[in-house]
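Protein chains in written order, with my numbering: chain A, 1 to 384; chain B, 1001 to 1240; chain C, 2001 to 2388.
We treat Cβ as the ideally placed atom computed from N, Cα and C, and that holds for glycine.
Structural data, given as structure tokens:
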């Protein structure tokens, strides 16, 4: 207990130095936490995938469509419970910067996504309005969409100025559910295409397939693709998770770079902390020598230094982790629909603590060794 | 004729009139010096003695221009230094004062030569001139063979001699020494005092030395005693 | 400066460990700062070099990329007949009517299915891109199911070597050559015969028309005429601008993220410098008092310590920049969000980036050293001497 008191008082001796080191630690732990959360947010789409959902797309690439009549054929495959077609609309709302996903969907879509909670009366209003739209809560909050609002979207893939009326706002069943999406009727898209670009009508971008039993996912995927082998549009069916991961994997280089950079900041603070401990220990060499002269062992001197380093690291960790949550919250809101899910994971918090612990230990290593092994006469000479 | 009479015959280079100094500590006024009036003639070798807390170091600081009196007048070579502002005082010190400290106060990262050269950096002399003068000063104190040594490679006595060389290099009006032998063994102390003797006797330098060591004080020609911030009776050590 | 440089430099040298750790921290921050800028510069360089200043790209109006665009044969014919279009050596208009699709190939090693831009070019396609040179094999025969691959695709993907056959659009396509596009975006593409690809994907319309102007200055005229024509719904852009716009989102992201990180990291490194400089002042209080007693001014002391901190920053800056320079040997490939296809590019160090980096490092040093230097300068002589 006396030792702890001694350690604690030692940290307060140099208030400015300890304070600055603490500040540096907080900044580093905070940055680390935020960066890891950014990378996690990228993978969040895959996290929200349901194990009993498959995505069927054109085997060549997502850019190629699938004919409408595939839907019924897929429905007929054994193990398939429900199918709905969807098209990525990819339009622009006011400015290219305001990115959010827009989908033209068939009526059966929402039954396959039970985690999108829509009020019954809103769903019915949507079904009655052919130009209606259902938007996610996060999207509505970001741009101030309210029920009854008209949302103009400039088409890029499907040219023209389109207008939709917000008929419902859906909430996510869980925190990690994506509520940044914009859905409208595929029928409205298709009837417009038939008039203006007839060659592009009667096509879906993807089919979302619900299997009766999640264990059958792999088998059903193969069965679906077999249906369309050697046709003009061969398909590739995979689990929703694999589909989402596919996107992320193509930007993997950037994500790896960000993860590396997050550890760079830890190394920076390690250098700062090691410097602090080295300076502190060097200045107190006389005291350590005195303690040893009085009969305290090298282990005791070592403990003092490790203790002080860890005490500062602990303080920085607690503050850094505590600040991570409100700042991540602010950041997530600032990013709006770019990162639909921006949550600080438990894994991140544990990594933060582990890094801080490592910094506290490593920074003290060299100074502790020097202090423990200093010859008493050499140390005493250092005084005055 | 006695040394004291000799001194009185020459014009005073330092004129101290009713000088007082106090500090404010935690709201309280702490007097350090009270009504000091003193003349120091050119070419004097004066010792300032007194028990600890007597204010002798403070008086030295005032004469050397590194502190200002709270009241009174202090003229050095005709200049009222109490009226100079900080910048003027810095320039004045560079030209007029040579410092010798108890713990030598050399720059650890500079060689003996570079340390001695330091005050000359405040003048307009070129590098060549500075170097020559510094070498000459070090030769004078008997350290010509140690010009490129760092303070950590010199003994205490040698370091103090370097400090003395630094103190005289600008040919200052006054040499002030605060416990110059305080950290030295007997032999080194004697060497240093002999050096100060030569400076005073051969070069006519005015030396004001604060000390509590009787051995050091014995070398001076005049001893001024301070107690609790006030002047006491002067003593004259036994004629050399 | 009155207080000699030697004093500052040797003081840093004496405390080697501290100097190393402090400068080391700053070097890392500088590295991140420089690397991010180099990444963005590399991205821009790749896309800009993808364009010639006398080429134009004509797409459907408000289509952001060629993949989203569609130009029918009538419109293509009108474009081709414009007077500003140059005539090639063979007497034909220097025009390439192209169709662009994305296909997926597995990445070498990881096997990750990646979108690759596949471009069907017209007879003038190669001439319009002088930076593209065949380095292996031969060019595809027009009218055949042969394709050539960009250098980056050949290196990074399975199934893209000469002799390999790829299957898409219901038939096999044979790789007969590899081309080098001088580090531009084309290095990440596959090229084939436009008419063949059109048929294979059952398309009627081209994606875009690329053309060479008789003179780069003719751009305004042809743009005004084509965009004003009510029969047409087209966008006319200089080739360089067209590709530069495709990098906007990615470039913005890299820049904003990079800048944010650099600022945050620099706080950490500056704190490190501050701690070091405060300790330096504390340890040398006696020296400061002595210097002041000897006649050096407060400003001399301030400058000496500021210089010490700036020197620390400088060392960190040079080391960090040197490390970042090594990144030039690294090639990055990622999905360009706007074109939705793979793009490979390098880290590029420019003199401007080097200069900005050094200034950044010096600023960190000054920021860290300022308060401690101020403290050193404000010491009272008698207090400083007493502490010695």
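Contacting residues, own chain, Cβ-Cβ under 8 Å from residue i (five flanking each side not counted)
{"i": "residue 2378 of chain C", "result": "2298"}
{"i": "residue 2374 of chain C", "result": "2302"}
{"i": "residue 2357 of chain C", "result": "2030, 2033, 2034, 2037, 2317, 2320, 2321, 2324"}
{"i": "residue 74 of chain A", "result": "56, 80, 83, 207, 209, 224, 227"}
{"i": "residue 14 of chain A", "result": "280"}
{"i": "residue 2251 of chain C", "result": "2040, 2043, 2044"}
Three-state secondary structure assigned by DSSP to residue i
{"i": "residue 109 of chain A", "result": "helix"}
{"i": "residue 377 of chain A", "result": "helix"}
{"i": "residue 245 of chain A", "result": "helix"}
{"i": "residue 273 of chain A", "result": "helix"}
{"i": "residue 2191 of chain C", "result": "strand"}
{"i": "residue 2013 of chain C", "result": "helix"}
{"i": "residue 2348 of chain C", "result": "coil"}
{"i": "residue 13 of chain A", "result": "helix"}
{"i": "residue 2340 of chain C", "result": "coil"}
{"i": "residue 4 of chain A", "result": "helix"}
{"i": "residue 2072 of chain C", "result": "coil"}
Beta-carbon contacts of residue i that lie in its chain and below 7 Å, excluding the five residues immediately before and after
{"i": "residue 1240 of chain B", "result": "In this predicted model, residue 1240 of chain B has a pLDDT of only 46, less than 50, meaning its place in the structure is not dependable; the value taken from the coordinates is given anyway. None."}
{"i": "residue 2002 of chain C", "result": "2296, 2300"}
{"i": "residue 2061 of chain C", "result": "2233, 2234, 2235"}
{"i": "residue 211 of chain A", "result": "52, 54, 79, 80, 81, 217, 220"}
Test item: CB-CB of residue i and residue j under 9 Å
{"i": "residue 1045 of chain B", "j": "residue 1221 of chain B", "result": "yes"}
{"i": "residue 2125 of chain C", "j": "residue 2178 of chain C", "result": "no"}
{"i": "residue 201 of chain A", "j": "residue 115 of chain A", "result": "no"}
{"i": "residue 2399 of chain C", "j": "residue 2114 of chain C", "result": "Any property of residue 2399 of chain C remains undetermined from this structure, which presents chain C solely from 2001 to 2388."}
{"i": "residue 1115 of chain B", "j": "residue 1107 of chain B", "result": "yes"}
{"i": "residue 169 of chain A", "j": "residue 137 of chain A", "result": "yes"}
{"i": "residue 2103 of chain C", "j": "residue 2190 of chain C", "result": "yes"}
{"i": "residue 2242 of chain C", "j": "residue 2057 of chain C", "result": "yes"}
{"i": "residue 1246 of chain B", "j": "residue 1177 of chain B", "result": "Shown here, chain B extends from 1001 to 1240; a query on residue 1246 of chain B therefore has no answer."}
{"i": "residue 1013 of chain B", "j": "residue 1120 of chain B", "result": "no"}
{"i": "residue 2065 of chain C", "j": "residue 2240 of chain C", "result": "no"}
{"i": "residue 2025 of chain C", "j": "residue 2269 of chain C", "result": "yes"}
{"i": "residue 1157 of chain B", "j": "residue 1184 of chain B", "result": "yes"}
Terminal residues of the beta strand (DSSP E) in which residue i lies
{"i": "residue 1073 of chain B", "result": "1071-1076"}
{"i": "residue 1154 of chain B", "result": "No beta strand (DSSP E) contains residue 1154 of chain B, which DSSP labels as neither H nor E."}
{"i": "residue 118 of chain A", "result": "From DSSP, residue 118 of chain A is part of no beta strand (DSSP E); its letter is neither H nor E."}
{"i": "residue 84 of chain A", "result": "80-88"}
{"i": "residue 133 of chain A", "result": "132-136"}
{"i": "residue 1094 of chain B", "result": "Not the beta strand (DSSP E): residue 1094 of chain B falls in the alpha helix (DSSP H), residues 1086-1096."}
Cutoff 6 Å; reference residue i; Cβ partners in own chain excluding five residues on either side
{"i": "residue 2348 of chain C", "result": "2038, 2041, 2042, 2045"}
{"i": "residue 2080 of chain C", "result": "2093, 2095"}
{"i": "residue 118 of chain A", "result": "168, 170"}
{"i": "residue 384 of chain A", "result": "Confidence at residue 384 of chain A is low in this model, with a pLDDT of 43, below 50, so its placement is unreliable and the value that follows should be read with caution. Excluding positions up to five away in sequence, the list is empty."}
{"i": "residue 186 of chain A", "result": "104, 105, 106"}
{"i": "residue 2011 of chain C", "result": "none"}
{"i": "residue 1001 of chain B", "result": "Its pLDDT being 47, under 50, residue 1001 of chain B is placed unreliably by the model, and nothing is read from it."}
{"i": "residue 1104 of chain B", "result": "1159, 1160, 1163"}
Element boundaries [alpha helix (DSSP H), containing residue i]
{"i": "residue 1181 of chain B", "result": "Per DSSP, residue 1181 of chain B belongs to no alpha helix (DSSP H) and is neither H nor E."}
{"i": "residue 1217 of chain B", "result": "1214-1217"}
{"i": "residue 2223 of chain C", "result": "2219-2228"}
{"i": "residue 326 of chain A", "result": "298-335"}
{"i": "residue 2320 of chain C", "result": "2298-2326"}
Contact with chain E by residue i, beta-carbon distance below 9 Å
{"i": "residue 2011 of chain C", "result": "The displayed structure is made up of protein chains A, B and C, and chain E is not among them."}
The ligand FAD heavy atom lying under 8 Å from the CB of residue i
{"i": "residue 213 of chain A", "result": "Annotation note on the ligand FAD: not contained in the displayed structure, which lists no ligands."}
**Positions along the stretch 2325-2340 of chain C whose CB lies within less than 7 Å of some CB in chain A** = 2332, 2333, 2334, 2335
**Request:** Check distances from the C-beta atoms of the stretch 1051-1063 of chain B to those of chain C and list, in chain order, the residues that come in under 7 Å.
**Result:** 1061
**Request:** Below 8 Å between beta carbons is the criterion; list the residues of the stretch 2263-2291 of chain C that meet it against any residue of chain A, in chain order.
**Result:** Listed by position along the chain: 2264, 2265, 2267, 2268, 2269, 2271, 2272, 2274, 2275, 2276, 2278, 2279, 2283.
**Item:** Interfacial residues, the stretch 1071-1093 of chain B to chain C, with Cβ spacing under 7 Å
**Value:** 1087, 1090, 1091, 1093
**Message:** Please identify, using Cβ separations under 8 Å, the residues of the stretch 2016-2036 of chain C that lie next to chain A, in order along the chain.
**Reply:** 2017, 2018, 2021, 2022, 2024, 2025, 2028, 2029, 2031, 2032
**Asked** Any residues in the stretch 2153-2177 of chain C with a beta carbon nearer than 8 Å to a beta carbon of chain A? Which ones, in chain order?
**Response** 2168, 2169, 2170
**Item:** Short-range partners of chain C found in the stretch 245-256 of chain A, where Cβ spacing is below 8 Å
**Value:** 246, 247, 249, 250, 251, 252, 253, 254
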